[in-house]
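Going from the sequence shown to my numbering is simple: count from 1 and add 1399. Heads up, the beta-carbon is just placed ideally off N, CA and C, and yes, glycines get one too. Below is one structure, written out as C-alpha cells; comments come after it.
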Amino acid sequence: MLPSELVRRLDLGLEGDLPHLEEALTHPSFSNEQRGGRRVDNQRLEFLGDAVLGLCVTELLMERFPGAREGELSMMRSALVNTDALAAWARGVELGAALRVGRGAEVAGERDQTNVLADATEALVAALYLDRGFESARALSRKIVASPLAQLASGSLLGRDAKSELQERVQARGAASPRYRLIGTEGPDHDRAFLVAVEVDGKVIGSGRGRSKKLAEQAAARAALLACAAPPEPAAASEERARAEPQEGALESAGASPAGGAPPERPVNDRGPHR
C-alpha cells in the first residue's frame, strides 16, 4: 500500500507533504539492506512517538475520567497503549501493508508481527507530531485508542468480562467468590441508576453505579480490579480520607471509574504495562 493511501485511511485531513512519513514506515530490516547513503529506520521516531502517544492518552483519560485516581489512570493507560492494543489498531488500518521491510523480514512475515506494528504506530504518531504539530498527533492518538477506550468506558475489561476476571483473581488467592450486593437506587424511573458493592469474605473491595444491575456489578468489579492495581495508600492518609468522605461520596468516586457508562458530571443526587 502506498503511503498516500495510508494517509487517506487515517482520515485526518492531512494534505501536502509529510517529510517524516517514509522514515516512520521504514523497518530496520529495510535500512540494513541498503548500501551507501544515509540509512534511517523508524526506531528513533518510535522512541519519540511512545512519549507523545503516552501524553495524549494521559490527557484524554484525565478528561474522560475526572474522578479516577493515579493508579486507576495508570492501569487504563497501560491497557490502551500496550503492544497488543497498538498492533490491533495498526491491523485495522492495514499499516503493515505500507511498511518498507527487508527481503528476509518479508519472508519471515515480520510485516504483520505485533511488535513491528506497535513500533510503526508510535513512529507514525511522532511523524505527525514533527510534521504537523501536537494537534495532529493528538487527533491520531485519539483515533488509535478510540475503540478500546469505548470498551473501557462501557465496563468491558478490554475484551474480558470484569466480573470473570475479578473472580479468577480472587479464587487464585484461595478466597471465596465475590458477592455483589445492591446498595440502593437513585433517580426517577425513566433514568434509574443502581449502586452495587462487591464483597470478598465480608469486606467491600469495590463499588460502582450503572443504568442496570448488571452494569453496576461490572462497574464494581472494575473498581475492585483497579484498586488492586493502585499503589497502597499510607495508613494515616487512608484513615483521614475515610473520615472526610461519606459512603455516598465513595460510591460516586467509584462510579467515575471506567465502567458502567460515563462518569457523573454532577453530584449523584443531582444527576450525572505502558508497555
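Note: Thr1425 is bridge-paired with Arg1499 in the DSSP secondary-structure output.
Around Arg1541, the same chain offers Cys1455 and Leu1459 as residues with beta carbons nearer than 8 Å, after the five sequence neighbours per side are excluded.
Between Leu1411 and Ala1538, the CB-CB gap stays under 8 Å.
Runs of the alpha helix (DSSP H) lying entirely within the stretch 1522-1603, each at least 4 residues long, are 1533-1552 and 1561-1571 in chain order.
Distance between Gln1617 and Glu1505, taken at the CA atoms: about 43 Å.
In this structure, Ala1619 lies near Gly1607, with their beta-carbon atoms less than 8 Å apart. In this structure, the CA atom of Gly1583 is about 11 Å from the CA atom of Gly1609. Counting along the chain, Glu1458 sits inside the alpha helix (DSSP H) bounded by residues Gln1442 to Arg1463. Taking a cut-off of 8 Å on C-beta distances, the stretch 1468-1481 does not touch the stretch 1568-1575, as fewer than three cross pairs fall below it. Residue range Thr1482 to Gly1491 is occupied by the alpha helix (DSSP H) that includes Ala1489. Apart from the 5 residues on each side of it in sequence, Ile1543 sits with its Cβ closer than 6 Å to the Cβ of Trp1488 in its chain, given in chain order.
Annotated three-state conformation of Arg1610 is coil, per DSSP. Judged by DSSP in its simplified three-state form, Gly1470 adopts helix. Of the candidates Ala1484, Thr1457 and Pro1465, Thr1457 places its Cα closest to the Cα of Ser1473. Ranking Asp1588, Ser1430 and Ser1576 by CA distance to the CA of Arg1502 puts Ser1430 first.
Excluding sequence positions up to five before and after Thr1513, its CB lies within less than 8 Å of the CB of Thr1482, Asp1483 and Ala1486, all in the same chain and listed in chain order. By the neighbour-count criterion, in which a residue is buried when 16 or more other Cβ atoms sit within 10 angstroms of its Cβ, Ser1403 is exposed. Taking the Cα of Val1500 as reference, the smallest distance to any Cα among Pro1418, Ser1428 and Arg1591 is reached at Ser1428. For Pro1402, the enclosing alpha helix (DSSP H) begins and ends at Pro1402 to Leu1409. A straight-line Cα-Cα distance of about 17 Å links Gln1442 and Leu1417.
If you draw a straight line from the Cα of Leu1624 to the Cα of Arg1578, it is about 14 Å long. Around the beta carbon of Asp1440, a 10 Å sphere encloses 16 or more other beta carbons of the protein chains shown; the residue is thus reported as buried.
At a Cβ-Cβ threshold of 8 Å, Leu1581 and Leu1498 do not count as neighbours. Ser1576 counts as exposed, since fewer than 16 other C-beta atoms from the protein chains shown sit within 10 angstroms of its C-beta. Excluding residues up to 5 positions away in sequence, Leu1485, Trp1488, Ala1489, Leu1494 and Ile1543 lie with their Cβ nearer than 7 Å to the Cβ of Thr1520 in the same chain. Remark: C-beta atoms of Ser1535 and Leu1527 approach each other more closely than 8 Å. In summary, Met1475 is buried, with 16 or more beta-carbon neighbours lying within 10 Å of its beta-carbon over all protein chains present.
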